[in-house]
Structure formats: C-alpha cells, structure tokens
Amino acid sequence: MPATLTDDLNLIYDALFAAFGHQHWWPAKTPFETMVGAILTQNVSWKNAAQAIRNLEDAGMLDPHLLAAAEAADIARLIVPSRYYNQKAERVRGFARVYVAEFGADPETMASVETGELRERLLALRGFGKETTDTILLYVCKKPVFVVDAYTRRIFSRYGLLPEGASYDQTQRLFAGNLAPDAELFNDYHAQIVRLGNTTCRRTPVCDRCPIREVRGKIRCAVGRG
Ligand code: SF4
C-alpha cells in the first residue's frame, strides 16, 4: 500500500521525538504566563520574550487583574526586551481585560468555550493573529488546534509536503487534515518543529545533522537529498 501523508507526518514526528525527546511545552509556570508569552514572542525570539516575562514577574505584574488595570506605559517599560513594547503593552492589557471580564481570569472557563467560537473571539482582539490565537487554544485550552509558524512552513515546504509560500491555513490543513485531532500530539509536534528550525533546518540548513533528512529509508527531504 502506498504511503499516505498521514504515514509521512507520523514518521517525521517519531524521528523528531527519537532525536530530541519530548519537549514539554509550553515553557511557562502558569496558563496566564503562557498567554502573555504568546503575545510577547510575536516577531521576536523567545529569548527576548522570556526576558520581558521575567521583568513582569520580578515587578509582581504577571497577574491578569494588575495588567488589566495598569497604565500601558508602565507595562511597556517592563517589556522593552520584547521590542515592540508600546504596541505589545496595549495588546497584553487588552487581552488581560477580556480575560478578566469574560472568563473570570480562569483558564478552565476559557477552555470550556467551544473551539471555533473561542478562536473567533480571540482573533477579534487587537494584535491577535492566527499563530497567537492558536498557541493559546492549544497550549492553554488544550484544544486540538495545530499551531503554524515560520519554521513549520519552511521545513515542510523544503521537505516537499507543502508548496513554497504556503499560507497559514494551507499549512494548518496539512496537519489537521492528516493527523488525528490529538492535543498532546499537536503540542509536542509543534515544539519539535521549533527545535528542528532552531538547530538544524535554519535559514541555511545543516542537512547532514538533520534527524529527518531520511526516515527509516521510507521518506527523504527534497532539499536534504543532496
Ligand atoms: S534535510 Fe535539510 S532542508 Fe530538509 S528538513 Fe532537514 S535540515 Fe531542513
């Protein structure tokens, strides 16, 4: 029987897992920290976002009620490492206000909302794109929603499973349409992709060290083929 996309995606995940181990995402102590982190990491490295989160924590401000009531300028001063700090301060405060007012600052209340409805609500917030929204749906609300980022598009188009320049939705459909809707799997699969993108499938790929260049003699990356 010919291999299916489902087989390929599962083989790739298994090879990544074997190489890197479980990634235990998201790197945060609380659901609220995950949500703030999803906003602060927009367009910057995780290192920058993590420093901004540490600043909020050290100032005792990593709290939805405090952030909802804070002056945007006070938040901005603390999150300078996240670069677009004025814009992100507004986004963090705007989200904190909705989180408090509509979900009682309770992640379980938020998670109890139907996935499509919650996705629409979050996408309607200022500065919330699909990646930020889906990160919250998956890593906070445990919804089986596949998170797509630049690494996902780069790796899977190089691999030959996506056309170059694939859209967010097209990339998400590759996974959602071919894998069982499993939040645990989606959680770690995305984390593995980020690990591969950071270490091996960089802008200039290091194919000879790539754990998915060839998987069990069954599939090979189109670029890494050499
Ligand atoms: S073989 Fe090279 S191009 Fe292909 S996924 Fe690995 S690092 Fe990226």
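With the numbering used here applied, the sequence shown corresponds to residues 30 to 255, in that order. Backbone N, C-alpha and C fix where the C-beta goes; we use that ideal spot for every residue, glycine too. Every value quoted in this text rests on a predicted model; they were computed, and no experiment measured them.
Sequence-distant residues of the same chain with beta carbon closer than 7 Å to residue i, five excluded per side
i: T162; result: R148, L151 and L152
i: A134; result: P93, H94 and Y128
i: T181; result: T200 and I222
i: Y168; result: W54, W55, T63 and N216
i: D211; result: P173
i: L45; result: Q221, L225, P240 and I241
i: A67; result: T161, T164 and I165
i: A78; result: G66, L69, T70 and S111
i: A195; result: R182 and S186
i: L96; result: M90, I104, V121, R122 and A125
i: A251; result: R187, Y188 and G189
i: H51; result: D217
i: I184; result: I222, L225, G226 and C230
Check: residue i C-beta below 8 Å from any heavy atom of ligand 1
i: T164; result: no
i: G253; result: yes
i: L190; result: no
i: R83; result: no
i: C236; result: yes
i: L225; result: yes
i: R232; result: no
i: T229; result: yes
i: R182; result: no
i: I248; result: no
i: I108; result: no
i: R187; result: yes
i: R242; result: yes
i: C170; result: no
Identified DSSP bridge partners for residue i
i: E131; result: The partner list for E131 (beta bridge, DSSP) is empty, contrary to what the question assumes.
i: I248; result: V244
Residues of its chain near residue i, where Cβ-Cβ distance is below 6 Å and the 5 sequence neighbours each way are ignored
i: V244; result: L40 and A44
i: K159; result: Y197
i: L85; result: L91 and L107
i: T138; result: F132
i: A48; result: P240
i: Y42; result: Y218
i: G156; result: R120
Residues near residue i by beta carbon distance below 8 Å, same chain, minus five either side
i: F61; result: L91, D92, P93, Y128, A134 and P136
i: N207; result: T33, L34, T35 and L38
Legend entry - Inter-stretch contact (C-beta, 8 Å, three-pair minimum) for the stretch 55-71 and the stretch 224-239: No, they do not touch.
Inset, instruction - Mind the definition here: the stretch 194-202 touches the stretch 162-177 only if three or more C-beta pairs lie below 8 Å; say whether that holds. - result: Here the stretch 194-202 lies against the stretch 162-177, with 3 or more beta-carbon pairs under 8 Å apart.
Inset, instruction - Evaluate the contact criterion for the stretch 99-117 versus the stretch 128-148: three or more CB pairs, one atom per stretch, below 8 Å. - result: As far as the Cβ criterion goes, the stretch 99-117 does not touch the stretch 128-148, which means the pair count is below three.
Inset, instruction - Answer yes if the stretch 108-128 comes into contact with the stretch 33-40, meaning at least three C-beta pairs across the two stretches below 8 Å, and no otherwise. - result: The answer is no - the stretch 108-128 does not touch the stretch 33-40, with fewer than three Cβ pairs under 8 Å.
Inset, instruction - Write down every uninterrupted run of the beta strand (DSSP E) in the stretch 172-204 whose length is 3 residues or greater and which is fully enclosed by it, in chain order. - result: For the stretch 172-204, not a single whole beta strand (DSSP E) run of length 3 or above is found.
Legend entry - Residue ranges of each beta strand (DSSP E) within the stretch 45-109, 3 or longer: With a minimum length of 3 residues, no continuous beta strand (DSSP E) run stays inside the stretch 45-109.
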